[in-house]
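In the working numbering, the protein residues as written are 3 to 239.
Glycine included, each C-beta is placed from N, C-alpha and C at the ideal position.
Note that the structure is a prediction, hence the values are computed from the model and not measured.
Presented below is the structure to which this report refers.
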Amino acid sequence: MKINFPLWESFLDILFPASCLNCHGKLSRDREHFFICRSCLLNVELASGFVCPKCGGRLPELQLSCHGQVDYILACPTSYDNLIIKKLIWQFKFKGQRKAVLALSAFLSAYLEDNSVDLRDFLVLPIPLFSARRKSRGFNQAELLARAVGEYFGLVVDCENLVRIRNTKTQLEFNSLGGRRENVAGCFKLLKKSDISGRNIVLVDDVWTTGSTMNEAARILKRAGARKIIAITVARA
């Protein structure tokens, strides 16, 4: 006997209704893959402007920087202190809920549009995972975010060129900035530097904490001849 899937899904909805991660209200069928109801989604306050990765200062415009020795400008819409964002990222990164990328990429896209970021000539690259860690997790969260942003803005996404050549420890194991820097030093490699030379780059990750990982990736890209680099993360811890 064949299962009547629409009837079965309706039965499951009655027994186990999808609920918002934040307010626990029931989610409609068209919202259940977002994990967050529309009301809670709209209550997340998006930042204006950008961030200097050197001092953390707010930059009102994309081309301004507090320091001349930075390789990129950070574009980050929210704080990791926001409980909605924290819950979404936890489900996405540690619970294997890939579809949480829908809500997270919506924050990124709305923020970039609100701040009038022109990405027409940019190439999108995700921060890579080491092959063993990616296999263990089943996916690279930065890659899913990069693909979603690339699709929304019609940009080319390259998930193969920038690779991680060392299985570094998770940055959560280090309390000091020096330890984090040392952990990721020399961990990235470009397979085809010529594809980066003269290009504007969007570098995507989920969370920016001290910037050590992003700094190392941006350094490699700059050495290969990248022009402007915008680092995009969902949240800043």
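When T211, P130, R225 are compared, the shortest CA-CA separation from V53 is found for T211.
For the set Y154, Q143, R139, the Cα lying nearest the Cα of R122 is the one of Y154. Within the region 51 to 102, the runs of alpha helix (DSSP H) that reach at least 4 residues and sit entirely inside it are, in chain order, 85 to 96. In this structure, DSSP gives R166 an extended state, which the three-state scheme calls strand. C-alpha of V159 to C-alpha of G27: approximately 36 Å in a straight line. The shortest CA-to-CA distance from I234 to any of L44, T170, C22, S111 is the one to S111.
By the C-beta criterion, the region 203 to 217 is judged to be in contact with the region 176 to 194, since at least 3 inter-stretch pairs fall below 8 Å. When only Cα atoms are considered, R166 and L64 end up about 28 Å apart. Counting only residues of its own chain and dropping the five nearest sequence neighbours on each side, C22 has a CB closer than 7 Å to the CB of L29, I38, C39, C42. The alpha-carbon separation between N45 and V236 amounts to approximately 16 Å. Counting only runs of 3+ residues, the beta strand (DSSP E) found wholly inside the region 177 to 208 occupies 190 to 192, in chain order. In the structure shown, the three-state DSSP call for I222 is helix. Of all alpha-carbon atoms in K95, D197, K101, I75, the one lying nearest the alpha-carbon of R136 is that of K95. Non-local beta-carbon contacts of V209 in its own chain, meaning distances under 8 Å to residues more than five positions away in sequence, involve Y82, I91, T235, V236, A237, R238, A239 in chain order.
With respect to the C-alpha of E162, the residue from G180, R168, K194 having the closest C-alpha is K194.
In the structure shown, the three-state DSSP call for F124 is strand. Around the Cβ of T172, a 10 Å sphere holds fewer than 16 other Cβ atoms; the residue is exposed.
Within the region 140 to 166, the complete beta strand (DSSP E) segments at least 3 residues long are 164 to 166, listed from N- to C-terminus. Cβ-Cβ distances below 6 Å link I87 to T80, A237 in the same chain, with the five nearest sequence neighbours on each side left out; the list follows chain order.
Our two residues, S107 and V151, have alpha carbons roughly 6 Å apart in a direct line.
Under DSSP, the beta-bridge partners assigned to T235 are D207.
Burial state of N24 is buried, judged by a 10 Å Cβ sphere holding 16 or more other Cβ atoms.
Distance between K230 and N202, taken at the CA atoms: about 5 Å.
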